[in-house]
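Q:
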Ligand code: TRP
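If you want it as structure tokens, here you go:
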């Protein structure tokens, strides 16, 4: 029997289940931690406007492309390419996804580890006599330490391991679907609180008022990377999820709802962080540590700060878990299906690599901070390579593949299945996938290395 035997695959029973899972993968640290710090270091409004433009012209078409490939082939990424274009090198795109997913899993787990530190340390962090300066100092000491960041990174990966091995993802996803609306409400409450801060308008101006002269090649590249990272696209996550969608799922609707909610959460995070940054006299440019320095300052101003903090960091941890589960599945399904490993071995292997690389990333804020490549520490290098290079590259290839190689009838069938108005979107989507996305991404790459 060929390796390509079609097994009946599980499908999501309800339409809302499909959307909720895609949103579960998309919403995570990318929105709440990465978006504010990237916007902070890349000029606020200038970054924001590019980010939103990229979500619309690159992000939505690429999610649709991933869903189309996934639902049509009902297979993992590498196999999906093999099935649609047998005997061609297209399946190699799967390797980009594989490498990027392991790099992302490694540094993402470090930050998820920080959420665990805050979750468990909230009571002492918000002890009555703790000042903002104390909290700031404590965080600095924590991330530059030798073992605590490593301990939390490994703990987070161990939780992933347990969930992935027991196959209880469904349970976690269900829990997360119930709790995410609470997270949304919490974010809205924190937003209202931030808007009452003395320098709120300065924060909002920073985020929403674009200074077009600040749109540099590096702002464009980072905004594009953030759009891909935040939507979980470019490495085939959404191909795998699309393969579980039932024929009743409206792909375009699912893609747009995912993009809308994902962007909404990122903007809420920005509205929480920037008014506070300016009101507390902090710098928006502090990089990956920004959100973890600003949030405690916000919580200590609230009555019952420790409780808000525990609730918030628990929900953030859960949101991170649903995202890392989706990344880990890429390499687990690859090792299982292409190298015939058992689920246990494939999971051990994937998490094992992430533990080693994650430890290096965790230490790169302290003992290893002087070991750099091109001025970037391990943590920043992994983030830059995967988000700014590999994801857009993967996205570009997925667009070219869907726009030029996949039979247009397949695209039409997938777009119109489960949808009444889907056929109107065929032309614009194919146009974006054929021309706009590949040329746009290529131009931004060339621009960022100084060629144009
Ligand atoms: N999008 C997630 C977030 O914002 C992270 C993520 C999950 C991801 N799966 C991915 C990013 C696949 C890129 C590719 O936190």
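Numbering (the working numbering), first residue to last: -15 to 436. For every residue, glycine included, the Cβ atom is placed at its ideal position computed from N, Cα and C.
1) So what does DSSP say about residue 416, is it helix, strand or coil?
2) Among the residues of its own chain, which have a CB less than 7 Å from the CB of residue -15, if the five just before and after it don't count?
3) Tell me which same chain residues have a C-beta within less than 7 Å of the C-beta of residue 148, skipping the five on either side of it?
4) Residue 430: buried (16+ other C-beta within 10 angstroms of its C-beta) or exposed?
5) Does the distance between the C-beta of residue 10 and the nearest non-hydrogen atom of ligand 1 fall short of 6 Å?
6) Using a Cβ-Cβ cut-off of 7 Å (strictly less than) and excluding sequence neighbours within five positions of residue 387, which residues of its own chain qualify?
7) If we count the other Cβ atoms within 10 Å of its Cβ and call it buried at 16 or more, is residue 15 buried or exposed?
8) Can you give me the start and stop residues for the alpha helix (DSSP H) that residue 342 sits inside?
9) Just verifying my parser: in three-state terms, what is the DSSP assignment at residue -5?
10) Count the C-beta pairs between the region 381 to 398 and the region 67 to 76 that are closer than 8 Å, then say yes if the count reaches three, no if not.
11) Out of 94, 91, 64 and 187, point me to the one whose CA is closest to residue 322's CA.
12) How many angstroms separate the CA atom of residue 87 from the CA atom of residue 197?
13) Cβ of residue 216 within 6 Å of any heavy atom in ligand 1?
14) Does the beta-carbon of residue 105, which I'm using as the reference point, lie nearer than 6 Å to any heavy atom of ligand 1?
15) Output the residue ranges of the alpha helix (DSSP H) runs that lie fully inside the region 345 to 390 and measure 4 residues or longer, sorted by chain position.
16) Tell me whether residue 213 counts as near ligand 1, meaning its Cβ is closer than 6 Å to at least one heavy atom of that ligand.
17) Between 19, 2 and -5, which has its C-alpha nearest residue 248's C-alpha?
18) Do the region 255 to 272 and the region 71 to 84 make contact, defined as three or more Cβ pairs closer than 8 Å?
19) Please report how far the alpha carbon of residue 232 lies from the alpha carbon of residue 402, in whole angstroms.
20) Pull up the distance between the alpha-carbon of residue 200 and that of residue 150, whole angstroms please.
21) So the alpha helix (DSSP H) residue 422 belongs to, where does it begin and stop?
22) With H, G and I counted as helix, E and B as strand and the rest as coil, what does DSSP make of residue 261?
23) Would you call residue 336 buried or exposed, if buried means 16 or more other Cβ atoms sit within 10 Å of its Cβ?
24) Would residue 54 and residue 223 qualify as a contact pair, given that the criterion is a beta-carbon distance under 7 Å?
25) Name the residue from 268, 41 and 297 whose alpha carbon lies nearest to the alpha carbon of residue 29.
26) Residue range of the alpha helix (DSSP H) that residue 192 falls in?
27) Residues in the same chain with beta-carbon distance under 7 Å from residue 428, minus the five sequence neighbours each way, listed in chain order, please.
28) Which two residues bound the contiguous alpha helix (DSSP H) that contains residue 134?
29) Does the Cβ of residue 40 lie closer than 6 Å to at least one heavy atom of ligand 1?
30) Residue 70 by DSSP, collapsed to three states: which one?
A: Straight from the coordinates:
1) If DSSP states are grouped into helix, strand and coil, residue 416 belongs with the helices.
2) Its pLDDT being 37, under 50, residue -15 is placed unreliably in this model, and the value from its coordinates should be taken loosely. Residues of the same chain with their beta carbon placed closer than 7 Å to that of residue -15 are lacking, with the five preceding and five following residues left out of the count.
3) The answer, listed in chain order, is 309, 312, 316 and 331.
4) The residue in question, residue 430, is exposed, as its Cβ has fewer than 16 Cβ neighbours within 10 Å.
5) At least one heavy atom of ligand 1 is nearer than 6 Å to the Cβ of residue 10, so yes.
6) 414, 417 and 418, listed in sequence order.
7) Residue 15 is buried by the Cβ-count criterion.
8) The continuous alpha helix (DSSP H) containing residue 342 extends over residues 327 to 347.
9) Reduced to three states, the DSSP call for residue -5 is coil.
10) Yes, since at least three Cβ pairs between the region 381 to 398 and the region 67 to 76 fall closer than 8 Å, the two stretches touch.
11) When 94, 91, 64 and 187 are compared, the shortest CA-CA separation from residue 322 is found for 64.
12) Between the C-alpha atoms of residue 87 and residue 197 there is a straight-line separation of about 33 Å.
13) True, at least one ligand heavy atom lies under 6 Å from that Cβ.
14) No, the beta carbon of residue 105 sits no closer than 6 Å to any heavy atom of ligand 1.
15) Counting whole runs of 4 or more residues, the region 345 to 390 contains the alpha helix (DSSP H) stretches 362 to 367 and 375 to 384.
16) It does: the Cβ of residue 213 is within 6 Å (strictly closer) of some heavy atom of ligand 1.
17) Comparing Cα positions, the closest option is 19.
18) In short, these stretches do not touch, since the Cβ pair count stays below three.
19) Distance between the alpha carbons of residue 232 and residue 402: 4 Å.
20) Roughly 47 Å between the two C-alpha positions.
21) Taken as a continuous stretch (DSSP letters only), the alpha helix (DSSP H) holding residue 422 covers 421 to 432.
22) Collapsing the DSSP output to three states places residue 261 in a helix.
23) Answer is exposed; the Cβ neighbour count stays below 16.
24) A distance below 7 Å separates the beta carbons of residue 54 and residue 223.
25) The shortest C-alpha separation from residue 29 is found at 268.
26) Note, residue 192: alpha helix (DSSP H), 184 to 192.
27) Only residues of its own chain outside the window of five on either side were considered, and among them 204, 205 and 208 have a CB closer than 7 Å to the CB of residue 428, listed in chain order.
28) The continuous alpha helix (DSSP H) containing residue 134 extends over residues 132 to 150.
29) Outside the cutoff, so no.
30) In this structure, residue 70 counts as coil in the three-state DSSP scheme.
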